[in-house]
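Here the structure comes first, spelled out in C-alpha cells, and everything after it is commentary.
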Amino acid sequence: MIGVLLIATGKYDVFVQPLIQSLKRHFLPGYQVKTILWTDKETQADLCLHHKHEPWPAPTLNRYKTILSQRELLEQFDYLFYMDVDMLAVDTIGDEILGDLVAVQHPGFIGKVGTPERRSRSAAYIPRREKSVYYAGGFQGGRSRRYLDMCHTLHNQIESDRQKGITAIWHDESHLNHYLHYNKPGKVLSPSYCYPESWEMPYVKRLVALDKDHAEMRCG
Ligand code: UD2
-3 MIGVLLIATG KYDVFVQPLI QSLKRHFLPG YQVKTILWTD KETQADLCLH
47 HKHEPWPAPT LNRYKTILSQ RELLEQFDYL FYMDVDMLAV DTIGDEILGD
97 LVAVQHPGFI GKVGTPERRS RSAAYIPRRE KSVYYAGGFQ GGRSRRYLDM
147 CHTLHNQIES DRQKGITAIW HDESHLNHYL HYNKPGKVLS PSYCYPESWE
197 MPYVKRLVAL DKDHAEMRCG
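Per our numbering, the sequence shown starts with residue -3, numbered consecutively.
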C-alpha cells in the first residue's frame, strides 16, 4: 500500500481535488494508493486530518512535524510519498519511483550546486568546499520506515534551528538538501517529477509544479 502525503491549509485547498483526481489516473496505476491530507478546510481525501493554518513559512517548514504526528499510522504503508499540493500528475508515474529513499533533482539547478544553506549556525549548513547536488522539496518519499526516519531527523534539525532563532534559506528544502548530502538517496529522479508548469525542459512532464502567485497564495 502506498500513502501520498498532502498538506493544504489557508488558500492551498483549491489545489486538492484536481491533484487527487490526477493521481487517480496517473499515479502508480495497479497499486493501492491512499491520499492522506492535513487541512483546515472541508475537502475530500482517503484520510482527512484537521490541521491549523499558520502563516508562511510554517506550513512547509513544519511539514515533517505534521507528518510525524501520524507516524504509527503511516508505518503501516509500504511506501510514502510527500508532494506539494499545488501539483498535477499529467502522465504515468509508475514503479520507477519506488526506492528506499527517493528524491528529485531540482529543475533549476541541474549540474549546479544550487542554493544550499551556507550559514554555519544553521543545522542545514553545507560548506562551500563540498560539492553537492540540489534536490527539490516538492516530491520525495521512500519505504515508509526509511522515509519516516528521515522526517524525524529533519524535524529535529528544524527544531534546533528554531531554538537558535534561525530559519534556513529555503526552509524545509535546505534541511532536506543537507540530509541528502550526507545520506545519499538510493533513487534520484529527474525533473520530470517536479516540472515547472511554464518551463520547457528536455524531460517528459509527469508531475507538474503549477504556476502560482506565491505572495497572493500565502497572504491571509
Ligand atoms: C518550494 C518547494 C516546496 C518547499 C518550499 C520551501 C518544489 C516544487 N516546492 O516550493 O516543497 O520546499 O520551496 O520554501 O520543489 N502550504 C500550505 N499552506 C500555505 C503554504 C504552503 O498548505 O499557506 C503547503 C502546500 O502543500 C504547498 C507546500 O506547503 O504546496 C509548499 O509551499 P509552496 O508550494 O508555496 O512552496 P514553493 O512553491 O516555494
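Note that CB positions come from ideal geometry on N, CA and C, so glycine has one too.
Requested in this report: Starting from the C-beta of R59, find all residues in its chain whose C-beta is less than 8 Å away, skip the five residues before and the five after it, and write them out in chain order.
Outcome: One-based indexing of the sequence shown puts residue 59 at position 63. Here the set comprises I3, Y78 and D168.
Query raised in the report: How close, in whole Å, do the beta carbons of P112 and N173 come, if the pair is a contact with beta carbons under 8 Å?
Result: As a working note, residue 112 is residue 116 in the sequence shown. As a working note, residue 173 is residue 177 in the sequence shown. About 5 Å; that satisfies the 8 Å criterion.
**Report entry** Proximity winner among H148, H177, C190 and D207, relative to S65 (alpha-carbon distances)
**Finding:** Walking along the sequence shown from the start, residue 65 turns up at place 69. That would be H148, whose Cα lies nearest to the Cα of S65.
Report task. Report back the beta-carbon spacing between E193 and L185 to the nearest angstrom; my notes put them in contact at under 8 Å. Result -> Locating residue 193 in the sequence shown gives position 197, where the first residue counts as 1. Locating residue 185 in the sequence shown gives position 189, where the first residue counts as 1. Not a contact, Cβ separation roughly 18 Å.
Report task. Answer yes or no: do G138 and G95 have a C-beta to C-beta separation smaller than 8 Å? Result -> Position 142 of the sequence shown, counted from the start, is the residue given in the question as residue 138. Position 99 of the sequence shown, counted from the start, is the residue given in the question as residue 95. The answer is yes: Cβ separation under 8 Å.
**Report entry** Extent of the continuous beta strand (DSSP E) to which A99 belongs
**Finding:** Taking the first residue of the sequence shown as position 1, residue 99 is located at position 103. Element bounds for A99: L97 to Q101.
Query raised in the report: Is T31 near the ligand UD2, with its Cβ less than 7 Å from a heavy atom?
Result: Working through the sequence shown from its first residue, we reach residue 31 at position 35. T31: no, Cβ never under 7 Å from the ligand UD2.
Query raised in the report: In this structure, what does DSSP give as the bridge partners for I89?
Result: Along the sequence shown, read from residue 1 onward, the residue named residue 89 stands at position 93. Note: I89 sits in a beta bridge opposite F23.
Requested in this report: Spatial neighbours of E126 within its chain, please: CB distance less than 8 Å, with the 5 preceding and 5 following residues excluded, ordered by chain position.
Outcome: As a position in the sequence shown, residue 126 is number 130, starting the count at 1. Same-chain partners within the cutoff: H177.
Report task. On a CA-only basis, which of K108, Y27, A132 and C44 is nearest T35? Give me that one, please. Result -> The sequence position of residue 35 within the sequence shown is 39, counting from 1. Ranking K108, Y27, A132 and C44 by CA distance to the CA of T35 puts C44 first.
Query raised in the report: So what's L206 in DSSP terms, helix, strand or just coil?
Result: Residue 206 sits at position 210 when you count from the first residue of the sequence shown. In the displayed model, L206 falls within coil according to three-state DSSP, outside both helix and strand.
Query raised in the report: What residues are listed by DSSP as bridge partners for I(-2)?
Result: Your numbering for residue -2 matches position 2 in the sequence shown. DSSP output for I(-2) lists V29 and Y75 as bridge partner(s).
Query raised in the report: Are V204 and L84 close, meaning C-beta to C-beta below 8 Å?
Result: Position 208 of the sequence shown, counting from 1, holds the residue named residue 204. Position 88 of the sequence shown, counting from 1, holds the residue named residue 84. Going by C-beta atoms, V204 is nearer than 8 Å to L84.
Query raised in the report: Going by alpha carbons, who is nearest to S156 out of W195, K108, R141 and A119?
Result: Numbered from 1 along the sequence shown, position 160 holds the residue referred to as residue 156. If we check each option's Cα against that of S156, A119 comes out closest.
**Report entry** Cβ pair E71, L144 closer than 8 Å
**Finding:** Taking the sequence shown and counting its residues from 1, one reaches residue 71 at position 75. Taking the sequence shown and counting its residues from 1, one reaches residue 144 at position 148. Against a cut-off of 8 Å, the Cβ pair of L144 and E71 comes out as a contact.
Requested in this report: For the segment 37 to 55 and the segment 2 to 21, state whether three or more C-beta atom pairs, one from each stretch, are separated by less than 8 Å.
Outcome: Three or more beta-carbon pairs separated by less than 8 Å link the segment 37 to 55 to the segment 2 to 21, which places the two stretches in contact.
Query raised in the report: When the Cα of Y121 is compared with those of C215, A99 and I165, which residue comes out closest?
Result: Reading the sequence shown from its first residue, position 125 is the one you call residue 121. Answer by Cα proximity: I165.
Requested in this report: Give the straight-line distance between the Cα atoms of D209 and W195, rounded to the nearest whole angstrom.
Outcome: The residue labelled residue 209 in the question sits at position 213 within the sequence shown. The residue labelled residue 195 in the question sits at position 199 within the sequence shown. Cα to Cα, the separation comes out at about 16 Å.
Query raised in the report: Relative to the C-alpha of L15, which residue among Y27, T39 and M(-3) is closest?
Result: Sequence index remark: in the sequence shown, residue 15 carries index 19 (1-based). For the residues Y27, T39 and M(-3), the minimum Cα distance to L15 belongs to T39.
Query raised in the report: Distance, Cα to Cα, Y175 vs Q101?
Result: Residue 175 sits at position 179 when you count from the first residue of the sequence shown. Residue 101 sits at position 105 when you count from the first residue of the sequence shown. Y175 and Q101: Cα-Cα distance of roughly 14 Å.
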